[in-house]
Amino acid sequence: MRMRLRPLAGRSIAVRLAVSALFWSAVILIGAGIVLVALYRDATERGFDRRLLVHVTTLGSQVATGREALVAGDPLFELPFSGFYWQVGEPGASLRDLDTSRSLVGAALPWLEGTGGELGAVRTGYVVGPDAQTLRAVERTLAAGEGTRFTILVAAPADEISSDVRRFALALAATFAALGLLLGLSTLLQIRFGLRPLARLRAAVVAIRRGETETVSGDYPHDIAPLAGEINLLIGSNRDILERARTQVGNLAHALKTPLSVLVNEARAAGGPLAPTVEAEAETMRRQIAYYLDRARAAAQVGTLGTVTPVAPVAASLMRAFAKIHAGKRLDLALEAPEEARFRGEKQDLEEMLGNLLDNAAKWATSRVVLRAQASGDPDRPRLLLVVEDDGPGVPADRRAEMIERGKRLDESVPGSGLGLSIVADLAALYRGSLTLGQSQWGGLSATLDLPGDVA
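Residue numbering for the sequence shown follows my numbering, beginning at 566 and increasing consecutively.
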């Protein structure tokens, strides 16, 4: 049973508690039902036996007074094969030596086990009648005189006991079924009430993830209050690490860019044939430094709770900027970004990724560039899809992977460092996302970003 319940119970605490409570409630109710039916059967048999014992006593008194024609006192003992029988005699005696009720019609009943034992003791049990009918029998051995014993056996149909017990069992089953239903409902209500603090804690963590608050606040039961405190400590520690990483990245950027600027200025001032080479290599180093510093900064920020960026304002700002930059091409820049589309990450990283994709699309587009944002995935694990399409010449499928390689440019005549799409792919990977290149609906390039999203 444990192995069967484990896959279901492992899905949630509520299911685990409900299954466990309902299972043990069912076991207890079924066990109680079996015990109660057994007790009721025992009580019914004792009551039935007392009725039969009255006839045993009546017959015994008649034998003791020497009455020859024995009568049990119930007309049913006179009807042939009625199921109500009595017989008086010595165990082991032949049929003709027994006194029997007229209902036996010349037949005899088997004696109970232990017949002829302790004098005056009452024995009860079940015997099989003439028509293979199950009978409840009461038997008693008495003394008729000095050294003389006789046994009286009175039997009646056991169907009365069975039907009475059956009616009780059905009524008990209906009662316990209703009780089980009420217990199940009360269990579900108790679980719902008991887990409410955990639901509030989850809502508080979700609010932090969305950037609506910075810490878990509120009163919680003593059982989970330490958990809320540990979450706040973890969030604080995460923020401290992030701030230190940002400071170190900034210091490193300043420490590297200043010597490079000095080298470039000295090369320009000194002139000579090597000056252009020094300037070009210094610019390459500056780009590489900026690239790796951006990656380090992004890696430090990825997964920070409470960092959520709406897509629409960032995308609209970038679209306006590229409209001005490429005003001479008269591009039709279209934005389709619903207000609820949100990126679970830093605004600067979203600007970096969208900026590089839009820059690449605007360079190659003939007349139009479209940016679409769409929320997708499970509500508990939302995703954000960003698609940038253009109507340029496009890229053959077998060469699209080369575009994501760092420093790789398929057309050297177009200005650029070749780092744009590789930066996008690296940033997306840091956020456990991906960049996929394909063909747009107009034959140009389609770039799809799959990133962690958030529900507004």
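Virtual Cβ for every residue (Gly too), placed ideally from N, Cα, C. None of these values were measured; they are calculated from a predicted model.
Going by Cα to Cα distance, which pick from the options is closest to residue i?
i: Gly1003; options: Pro958, Ile988 and Leu1016; result: Pro958
i: Leu684; options: Leu707, Glu795 and Tyr691; result: Leu707
i: Ile763; options: Arg701, Ser782 and Thr778; result: Looking at the sequence itself, residue 763 is Leu, so the reference to Ile does not match. Comparing Cα-Cα distances from Leu763 to each of Arg701, Ser782 and Thr778, the minimum goes to Ser782.
i: Asp607; options: Arg581, Phe588 and Asp729; result: Asp729
i: Leu744; options: Ser882, Leu1000, Thr872 and Ala591; result: Ala591
i: Thr713; options: Ile806, Ala840, Val628 and Gly910; result: Val628
i: Ala637; options: Trp651, Pro645 and Thr630; result: Trp651
i: Lys894; options: Arg946, Asp956 and Asp943; result: Asp956
i: Leu748; options: Leu587, Pro695 and Ala940; result: Leu587
i: Arg761; options: Leu746, Ala739, Asp784 and Leu750; result: Asp784
i: Leu660; options: Phe741, Asn830 and Trp676; result: Trp676
i: Ala768; options: Ala793, Leu746 and Leu750; result: Ala793
i: Arg611; options: Leu641, Ile593, Thr689 and Ser999; result: Thr689
i: Leu1014; options: Lys822, Ala579 and Thr1001; result: Thr1001
i: Val556; options: Val770, Trp589 and Leu1016; result: With the chain covering 566 to 1021 only, the question about residue 556 has no answer from this structure.
i: Glu844; options: Ala832, Gly837 and Gln853; result: Ala832
i: Thr931; options: Phe649, Gly1008, Thr609 and Arg616; result: Gly1008
i: Val855; options: Leu839, Ala818, Ala736 and Gly910; result: Looking at the sequence shown, residue 855 is not Val but Ala. Nearest option by C-alpha distance: Ala818.
i: Gly910; options: Val687, Leu798, Arg946 and Thr872; result: Thr872
With 16 as the cutoff for other CB atoms within 10 Å, does residue i come out buried or exposed?
i: Pro553; result: One cannot answer for residue 553 here, as it falls past the ends of the chain, which runs 566 to 1021.
i: Ile726; result: buried
i: Glu954; result: buried
i: Tyr996; result: buried
i: Asp897; result: exposed
i: Tyr691; result: exposed
i: Ser826; result: exposed
i: Ala702; result: buried
i: Gly679; result: exposed
i: Ser585; result: exposed
i: Ala835; result: exposed
i: Arg567; result: Any reading at Arg567 must be qualified, since the residue scores a pLDDT of 47, below 50, and its modelled position is unreliable; no value is offered.
i: Asp639; result: buried
Can you find the residues in the same chain that come closer than 8 Å, C-beta to C-beta, to residue i, ignoring five residues on each side of it along the sequence?
i: Val876; result: Ala902, Ala906, Arg907, Phe908, Leu915, Ala938, Leu949 and Leu951
i: Asp662; result: Gly654 and Glu655
i: Glu643; result: Ser666, Arg667 and Ser668
i: Ala738; result: Gly598
Beta-carbon within less than 6 Å of residue i's beta-carbon, same chain only, minus the 5 sequence neighbours each way: which residues are those?
i: Ala899; result: Val935
i: Val960; result: Leu1010
i: Met968; result: Leu986
i: Ile717; result: Val621, Leu624, Gly625, Val653 and Arg705
i: Pro786; result: Pro762
i: Leu828; result: Ala847
Please report the straight-line C-alpha distance between residue i and residue j, rounded to a whole angstrom.
i: Asn921; j: Thr752; result: 56 Å
i: Ala658; j: Gly671; result: 14 Å
i: Ser1022; j: Leu674; result: Here the chain has residues from 566 to 1021 only, and residue 1022 is not among them.
i: Leu700; j: Leu754; result: 50 Å
i: Asn925; j: Thr842; result: 27 Å
i: Asp614; j: Ala720; result: 9 Å
i: Leu577; j: Glu779; result: First, the amino acid is wrong: residue 577 is Ser here, not Leu. Going from the Cα of Ser577 to the Cα of Glu779 covers about 27 Å.
i: Thr874; j: Ala940; result: 13 Å
i: Thr630; j: Leu618; result: 18 Å
i: Arg933; j: Leu923; result: 11 Å
i: Arg765; j: Lys889; result: 48 Å
i: Ala697; j: Thr740; result: 35 Å
i: Ala966; j: Asp1019; result: 29 Å
i: Leu821; j: Arg804; result: 26 Å
i: Lys912; j: Pro878; result: 10 Å
i: Gln1006; j: Ala1012; result: 12 Å
i: Asp788; j: Ile796; result: 14 Å
i: Ala962; j: Gly998; result: 21 Å
i: Trp589; j: Gly596; result: 10 Å
i: Pro645; j: Leu594; result: 45 Å
i: Pro947; j: Ala880; result: 19 Å
So, at 7 Å on beta carbons, what are the nonlocal neighbours of residue i in its own chain, with the 5 sequence-adjacent residues on each side left out?
i: Arg757; result: none
i: Leu992; result: Ala863, Asp914, Glu917 and Met918
i: Ala734; result: Val602
i: Ala583; result: Thr752, Leu753 and Ile756
i: His891; result: Ala927
i: Glu808; result: none
Within the present structure, is the beta-carbon of residue i separated from the nearest heavy atom of the ligand GTP by less than 6 Å?
i: Leu915; result: The model depicted lacks the ligand GTP and carries no ligand whatsoever.
Would you say residue i lies against chain C (beta-carbon separation less than 7 Å)?
i: Val730; result: Any reference to chain C falls outside this structure, which holds one protein chain only.
#### Entry: Contact between the segment 593-606 and the segment 766-776 (3+ Cβ pairs under 8 Å)
Flag = no, the segment 593-606 and the segment 766-776 do not touch.
### Message
If contact is defined by three or more beta carbon pairs under 8 Å, each pair taking one atom from either stretch, is the segment 879-899 in contact with the segment 833-850?
### Response
The answer is no - the segment 879-899 does not touch the segment 833-850, with fewer than three Cβ pairs under 8 Å.
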